[in-house]
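The listed protein sequences derive, respectively, from chains A and B. When we follow the numbering used here, the leftmost residue of the first sequence carries the number 1, and every step to the right adds one. When we follow the numbering used here, the leftmost residue of the second sequence carries the number 261, and every step to the right adds one. Cβ atoms here follow ideal geometry from the backbone N, Cα and C, with glycine treated the same way.
Protein chains: 2
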Amino acid sequence: MRWARFESNGKASYGIIEGSDIEAVDGDMLGTYKRTGKRVPLAKVKLLVPLVPQTFYAAGLNYVHHIMEQAKMHGREPNIPEKPDIGYRANNALIAHEEDVIVPKDATDKVQYEAEIVVIIGKKAKNLTEKDALSCVFGYTIGNDVSERTWQKGDRTMWRAKNTDTFKPMGPWIETDVDLNKLKTTVRVNGKQTIEFDTNHMLFGIERYISAMSKYLTLHPGDMIWMGTEGSAPNLKDGDVVEIEINQIGTLRNRFVREK
Amino acid sequence: MRWARFESNGKASYGIIEGSDIEAVDGDMLGTYKRTGKRVPLAKVKLLVPLVPQTFYAAGLNYVHHIMEQAKMHGREPNIPEKPDIGYRANNALIAHEEDVIVPKDATDKVQYEAEIVVIIGKKAKNLTEKDALSCVFGYTIGNDVSERTWQKGDRTMWRAKNTDTFKPMGPWIETDVDLNKLKTTVRVNGKQTIEFDTNHMLFGIERYISAMSKYLTLHPGDMIWMGTEGSAPNLKDGDVVEIEINQIGTLRNRFVREK
Chain A
1 MRWARFESNG KASYGIIEGS DIEAVDGDML GTYKRTGKRV PLAKVKLLVP LVPQTFYAAG
61 LNYVHHIMEQ AKMHGREPNI PEKPDIGYRA NNALIAHEED VIVPKDATDK VQYEAEIVVI
121 IGKKAKNLTE KDALSCVFGY TIGNDVSERT WQKGDRTMWR AKNTDTFKPM GPWIETDVDL
181 NKLKTTVRVN GKQTIEFDTN HMLFGIERYI SAMSKYLTLH PGDMIWMGTE GSAPNLKDGD
241 VVEIEINQIG TLRNRFVREK
Chain B
261 MRWARFESNG KASYGIIEGS DIEAVDGDML GTYKRTGKRV PLAKVKLLVP LVPQTFYAAG
321 LNYVHHIMEQ AKMHGREPNI PEKPDIGYRA NNALIAHEED VIVPKDATDK VQYEAEIVVI
381 IGKKAKNLTE KDALSCVFGY TIGNDVSERT WQKGDRTMWR AKNTDTFKPM GPWIETDVDL
441 NKLKTTVRVN GKQTIEFDTN HMLFGIERYI SAMSKYLTLH PGDMIWMGTE GSAPNLKDGD
501 VVEIEINQIG TLRNRFVREK
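Structural data, given as structure tokens:
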């Protein structure tokens, strides 16, 4: 099932996508809801960020080639994580599919995409084994963990490098049924493919992260976990359009615009 | 004015504290609300975390003696921040005044309090000067940034060191009228004072942080910023009761309990 959040009469509504239409639902995607039978063409609605989470988790370094490339760029030895220590991003930075990433005037030219699968938590969970970890997952969407590499290297935290307003495009929607081992992430800049990788080929997989996290913290419905990215990325220029496609989920598209 | 969030007939309600009573209000503390005239003794209600934020900001290292003590404890040179780079904490860890901090079985004995003033944002804000920074502030409360120092030193992020469930006591309520320069933070363990410091004697003050943050990100009503702590703290034992008092605001009290 494919869930989207969209603008309807000036307020946010959830809907179920079927074919090229979206059917509005009353109620809570993660709780109880009722289908309304009201269908509109998907092309006619403005999609919103599919979820504003209670806690916004991010794995960070979680694919081997990306870790190597980052170390090279920052001029240090690669630091392969030994265990799944989760990190955080911030809600202020979230934008929807087709909204523009606004790059501040004083950002350097090292602004890059990071193509990530996003795990949406649907059930309260504590102390899950790896075997049971996916039982709390509602579905999956796509995130672009936009990063300003100069700030990332020089600041004490990643606050503006990764959480400047508009630096977290997410969407276009949430897909509940995927076969993780058959997912491929493909990135295109201005229509030209820059990378393709096996989405689930992570250093620590989704099950491992959820199990480790839930030993110390309760996962709540509406939390989300961004799972990291693979490889290196080019510096993005004013006007570049980045598309991140994960087969079985969809394509997240955003233009990068330099603040004037 | 003093605002609390409390449990009323099984659901969360906001109220205004006057003397030893609390008066329930209908509506949104940060938006439009209506006083109901219904007053109950404060002693008879269960206080809740006064706010669950959209984004949970934390300054981390922001008082000089604390930075020195932390460096000594971790066996490294003190690293005095050169600019106000904000960090993050997580909502899962929030608990209210009088609720217990549950220390996991496998935590070491290095579990410590950090006594902090918490800034509650009341208005949407972007690009504020230092002079205008406090115009977006709704009020202030108290936070205990509980930390497991062994995990803090060894993990790649501070996820479990600072964000294990129950590690973020906050409250008891929000005070809107304070004179920042007359605030004193006092901590007591089992009734015995361990430290007292000038709350506003920070490396980077509240105005400086808000101004710097709002250059890159929009602050939203209901966001909050924990401003860091001063000095060192003792390791806490099973059953210890920690009280953090900030004059003009109140006292946040929590017991530390080792998981059996």
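- prompt: Can you list, in chain order, the residues of its chain whose CB lies under 6 Å from that of glutamate 230 of chain A, leaving out five sequence neighbours each side?
  reply: Contacts found: Tyr63, His65, His66, Phe197.
field: Per DSSP, the bridge partner or partners of tyrosine 14 of chain A
entry: A/Arg5, A/Val25
query: At least one CB of chain A closer than 9 Å to the CB of alanine 331 of chain B: is that the case?
result: no
message: Mapping the DSSP letters down to three states, classify glycine 414 of chain B as helix, strand or coil.
response: helix
field: N-terminal and C-terminal residue of the beta strand (DSSP E) that asparagine 423 of chain B is part of
entry: Looking at the DSSP string, asparagine 423 of chain B is not in any beta strand (DSSP E); the run it does join, the alpha helix (DSSP H), is 419-423.
task: Establish whether the CB of methionine 289 of chain B and some CB of chain A are separated by less than 9 Å.
output: no
task: Please check if any C-beta of chain B sits within less than 9 Å of the C-beta of aspartate 109 of chain A.
output: no
query: Closest Cβ-Cβ distance between glutamine 314 of chain B and chain A: below 9 Å?
result: yes
field: Reference serine 280 of chain B, options B/Gly510, B/Trp486, B/Asn441, closest by Cα
entry: B/Gly510
Glutamate 77 of chain A, buried or exposed, once every other Cβ within 10 Å from all chains shown has been counted against 16: exposed
message: Among the candidates A/Met202, A/Phe167, A/Lys168, whose CA atom is the shortest distance from the CA of lysine 184 of chain A?
response: A/Met202
message: Measuring straight from C-alpha to C-alpha, what distance separates asparagine 235 of chain A and asparagine 404 of chain B?
response: 41 Å
- prompt: Which residues in the same chain have their Cβ closer than 8 Å to the Cβ of histidine 220 of chain A, if we skip the five residues on either side of it in sequence?
  reply: Gln54, Thr55, Ile121, Lys124
- prompt: Is DSSP giving glutamine 248 of chain A helix, strand or coil here?
  reply: coil
query: Mind pulling the chain B residues with CB within less than 9 Å of tryptophan 159 of chain A?
result: Tyr317, Asp345, Ile346, Gly347, Tyr348, Met473, Tyr476, Leu477
task: Measure how close the beta-carbons of arginine 295 of chain B and glutamate 283 of chain B come, nearest whole angstrom, since I'm counting them as under 8 Å.
output: 6 Å
- prompt: Going by C-alpha distance, which of B/Ala375, B/Ile470, B/Ile340, B/Arg515 is nearest threonine 454 of chain B?
  reply: B/Ala375
message: Mapping the DSSP letters down to three states, classify asparagine 404 of chain B as helix, strand or coil.
response: strand
query: So lysine 72 of chain A is in the alpha helix (DSSP H); what residue range does that whole segment cover?
result: 64-73
- request: Tell whether a beta-carbon distance below 9 Å holds between proline 210 of chain A and threonine 166 of chain A.
  value: The question names proline, but residue 210 of chain A in the sequence shown is isoleucine. No; because the gap between Cβ atoms is not below 9 Å, this pair is not in contact.
- prompt: Tell me, which residues are paired with tryptophan 226 of chain A by DSSP?
  reply: A/Ala58, A/Val118
query: Could you check where the beta strand (DSSP E) with glutamate 435 of chain B kicks off and where it finishes?
result: 428-435
- prompt: So with Cβ pairs under 9 Å, would you call proline 81 of chain A a contact of chain B?
  reply: Yes - at least one Cβ of chain B is within 9 Å of the one on proline 81 of chain A.
task: Can you give me, in chain order, the residues of the stretch 150-178 of chain A that have a beta carbon less than 7 Å from any beta carbon in chain B?
output: Asp155, Arg156, Thr157, Trp159, Arg160, Asn163, Thr164, Asp165
- prompt: Can you find a heavy atom of the ligand SAH that lies under 8 Å from the Cβ of alanine 107 of chain A?
  reply: As far as ligands go, the structure on display features none, and thus does not contain the ligand SAH.
message: Here's a check: name, in chain order, each residue in its chain whose Cβ is nearer than 7 Å to the Cβ of lysine 215 of chain A, leaving out the five neighbours to either side.
response: Annotation for lysine 215 of chain A: Asn127 place their beta carbon closer than 7 Å to its own, counting only its chain and skipping 5 residues before and after.
query: Under 9 Å between the Cβ atoms of arginine 468 of chain B and glutamate 342 of chain B?
result: no
message: Tell me the DSSP secondary structure of lysine 124 of chain A in three-state form.
response: coil
field: Extent of the continuous beta strand (DSSP E) to which glutamate 82 of chain A belongs
entry: Careful: glutamate 82 of chain A lies outside any beta strand (DSSP E) and carries neither H nor E.
message: From the DSSP secondary-structure annotation, give me the bridge partner or partners of leucine 30 of chain A.
response: DSSP, once it has assigned bridges, lists no residue as partnering leucine 30 of chain A.
- request: Compare the C-alpha of arginine 448 of chain B against each of B/Arg265, B/Lys365, B/Gly275, B/Glu503 and name the closest.
  value: B/Glu503
- prompt: Are leucine 261 of chain A and methionine 170 of chain A close, meaning C-beta to C-beta below 9 Å?
  reply: Chain A is shown only over 1 to 260; residue 261 of chain A falls outside these bounds and no answer can be derived.
- prompt: Which residues mark the beginning and the end of the alpha helix (DSSP H) in which arginine 468 of chain B is found?
  reply: 466-476
- prompt: When DSSP builds the beta bridges, which residues end up paired with phenylalanine 256 of chain A?
  reply: A/Val101
- prompt: Which residues in chain A sit within 7 Å of asparagine 351 of chain B, going by Cβ to Cβ distance?
  reply: Gln54, Thr55
Per-residue DSSP class, three states only, for arginine 188 of chain A: strand
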